[in-house]
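Start counting the sequence shown at 3; every next residue gets the next number (the numbering used here).
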Amino acid sequence: MAHSDLVITPVSGKGDLKAFIDLPWSIYATDPNWVPPLKAEMYELLTPGKNPFFEHAKAQYFLARRNGRVVGRISAHYDELALSMPPEQGMGAGTGNFGLLEAEDDAIGAALIAQAEQWLRQQGMTRVVGPISLSIWEEPGLLIAGHDHPPTVMMGHNSPTYQAMVEGAGYQPVKTLNCFELDITQNFPPLIQRIVASGQKNERIRIRKVDKSKFDAEAAIILNILNDAWGRNWGFVPITDAEIAHTGKKLKPIVFEDLIMIAELDGEPVAFMMTLPDLNEAIKPLNGALFPFGWAKLLWWLRKPKVRTMRVPLMGVLQRLQSSRLASQLAFMMIEAIRLEAIAHYGATRGEIGWVLDDNQGMNAIAQAINSKVNKVYQLYEKPL
Numbered sequence: 003m004a005h006s007d008l009v010i011t012p013v014s015g016k017g018d019l020k021a022f023i024d025l026p027w028s029i030y031a032t033d034p035n036w037v038p039p040l041k042a043e044m045y046e047l048l049t050p051g052k053n054p055f056f057e058h059a060k061a062q063y064f065l066a067r068r069n070g071r072v073v074g075r076i077s078a079h080y081d082e083l084a085l086s087m088p089p090e091q092g093m094g095a096g097t098g099n100f101g102l103l104e105a106e107d108d109a110i111g112a113a114l115i116a117q118a119e120q121w122l123r124q125q126g127m128t129r130v131v132g133p134i135s136l137s138i139w140e141e142p143g144l145l146i147a148g149h150d151h152p153p154t155v156m157m158g159h160n161s162p163t164y165q166a167m168v169e170g171a172g173y174q175p176v177k178t179l180n181c182f183e184l185d186i187t188q189n190f191p192p193l194i195q196r197i198v199a200s201g202q203k204n205e206r207i208r209i210r211k212v213d214k215s216k217f218d219a220e221a222a223i224i225l226n227i228l229n230d231a232w233g234r235n236w237g238f239v240p241i242t243d244a245e246i247a248h249t250g251k252k253l254k255p256i257v258f259e260d261l262i263m264i265a266e267l268d269g270e271p272v273a274f275m276m277t278l279p280d281l282n283e284a285i286k287p288l289n290g291a292l293f294p295f296g297w298a299k300l301l302w303w304l305r306k307p308k309v310r311t312m313r314v315p316l317m318g319v320l321q322r323l324q325s326s327r328l329a330s331q332l333a334f335m336m337i338e339a340i341r342l343e344a345i346a347h348y349g350a351t352r353g354e355i356g357w358v359l360d361d362n363q364g365m366n367a368i369a370q371a372i373n374s375k376v377n378k379v380y381q382l383y384e385k386p387l
């Protein structure tokens, strides 16, 4: 596709893939809040055979060039598992996605989006939901509020100009994802403290740390709760065993036993909460490179990380308990247990919870009850093809 001197071509070969990965370094050269991703991880994310997402998904990447210079990029992709989900949950038959959008101006962005749409039509798609890069479990949504501070680990960042770019291409908001922040050095309100204390006296309830020596077994417990707890959520797509193994291997270096809690009721695991130290604080100075010295610096940091921020990316309670008072009690108990560990062992002062669907009444109520405030908003859009 060409617009005057603008040429858009599919990514083909190692040189194009390198250009695709490298582009954000020029787009965000003057943005102090952009965190350069590790390039090795980007290659893994985008490469079939290295990312198990492609065992059930297909993607095409595109580059925009003006006078031979790379000025934009986009991915077009669809997930067979998402296509099989009920349409009332946000995806469903005929729904493809775009993601990894970067463009120097609106005209480039519009041309890239049009190219992604054309490819999706050729694949039989009738609707687009985006941006999603690449899986709903990775970086969904366009950042539309909160550009004034860096994202935490596994959260996206983009130019504030992209909102008008996407909406100008005919996309309508379909779902809002909120992130909440809180000062974890402050005790929770008295009501929450009483709820936690009551749970601690309940012999039926046990809040325990994960056992990293039984990593696979603990991961299976968490996956079982997650798939049940999130199974009716908007945008839910099941996680495969291969994806769990892949993600587990990737996250294992930043998985710490005292930052992941499992709640048991009468000996049965019924809820969990995963917290990660903000790896972005460590990787931002590396500028995307592990070599020659970045790997050593990262390994040293991982031995005993000291961070300002802890992020809660995942939390879940079995569906059969979600409408009960017990669900929020278990959540508050896990949050309090991890809060104390984060302060004592990692020097953390700030927590971030997200993303949370704007219509997830339970999680939004929990976030508000512990005096957290929305600090970032991500928007997902849709458009018929």
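Built from N, CA and C at the ideal position, the CB exists for glycine as well.
- A distance below 8 Å between beta-carbons, with the five flanking residues on each side excluded, links residue 37 to the following residues of its chain, in chain order: 152, 153, 159, 282, 285 and 286.
- By the neighbour-count criterion, in which a residue is buried when 16 or more other Cβ atoms sit within 10 angstroms of its Cβ, residue 277 is buried.
- In this structure, the CA atom of residue 372 is about 27 Å from the CA atom of residue 223.
- Distance between residue 327 and residue 86, taken at the CA atoms: about 33 Å.
- Of all C-beta pairs linking the stretch 314-325 to the stretch 62-71, fewer than three are shorter than 8 Å, placing the two stretches out of contact.
- If one requires a minimum length of 3 residues, the beta strand (DSSP E) runs lying completely within the stretch 17-88 are 59-68 and 71-81, in chain order.
- Residue 105 and residue 132 have their C-alpha atoms some 16 Å from each other.
- For residue 93, the secondary structure class from DSSP, reduced to helix, strand or coil, is coil.
- Residue pairing by DSSP places residue 141 opposite 135 in a beta bridge.
- For residue 283, the uninterrupted alpha helix (DSSP H) segment begins and ends at 282-285.
- Relative to residue 384, the option among 102, 93 and 47 whose CA is nearest is 93.
- Collapsing the DSSP output to three states places residue 331 in a helix.
- Look at residue 387 here: in three-state DSSP terms it is coil, with no helix or strand label.
- Membership of residue 180 in the beta strand (DSSP E) is indicated by the continuous run 174-185.
- Partner residues in the beta bridge of residue 104, as assigned by DSSP, are 75.
- Within the DSSP bridge table, the entry for residue 99 names 79 and 131 as partners.
- Straight through space, the alpha carbons of residue 253 and residue 80 are spaced by roughly 25 Å.
- Contiguous alpha helix (DSSP H) elements confined to the stretch 355-381 occur at 363-371, taking only those with 4 or more residues.
- Per DSSP, residue 203 lies in no beta strand (DSSP E) segment; the continuous alpha helix (DSSP H) that holds it begins and ends at 192-203.
- Shown here for residue 141: same chain residues with a beta carbon closer than 6 Å to its own, the five before and five after excluded, namely 135 and 158 in chain order.
- Restricted to the stretch 209-295, the beta strand (DSSP E) segments that are unbroken, complete and at least 3 residues in length are 262-267 and 270-279, listed in chain order.
- Per DSSP, the continuous alpha helix (DSSP H) segment holding residue 168 begins and ends at 164-170.
- With fewer than 16 other Cβ atoms from the protein chains shown falling within 10 Å of its own Cβ, residue 187 counts as exposed.
- Collapsing the DSSP output to three states places residue 317 in a strand.
- Contact check between the stretch 351-361 and the stretch 374-381: three or more CB pairs, one atom from each, fall below 8 Å, which counts as touching.
- Rounded to whole angstroms, the gap between the alpha carbons of residue 108 and residue 162 is 12 Å.
- The alpha-carbon of residue 299 is positioned some 31 Å away from that of residue 336.
- The C-beta separation of residue 118 from residue 78 comes to about 4 Å, placing the pair in contact by the 8 Å criterion.
- Of the other Cβ atoms in all chains shown, 16 or more fall within 10 Å of the Cβ of residue 330; this residue is therefore buried.
- Between residue 171 and residue 209 the beta-carbon gap is near 47 Å, outside 8 Å, which marks them as no contact.
- Restricting attention to 386, 366, 370 and 387, the CA atom closest to the CA of residue 178 is found in 366.
- Contact between residue 164 and residue 65 does not hold, since their C-beta atoms are separated by about 17 Å, which reaches or exceeds 8 Å.
- With fewer than 16 other Cβ atoms from the protein chains shown falling within 10 Å of its own Cβ, residue 196 counts as exposed.
- Residue 272 and residue 229 have their C-alpha atoms roughly 12 Å apart.
- Under the DSSP assignment, residue 8 falls in the beta strand (DSSP E) whose first and last residues are 8-12.
- Contact check for residue 183 against residue 352 passes: the beta carbons are separated by less than 8 Å.
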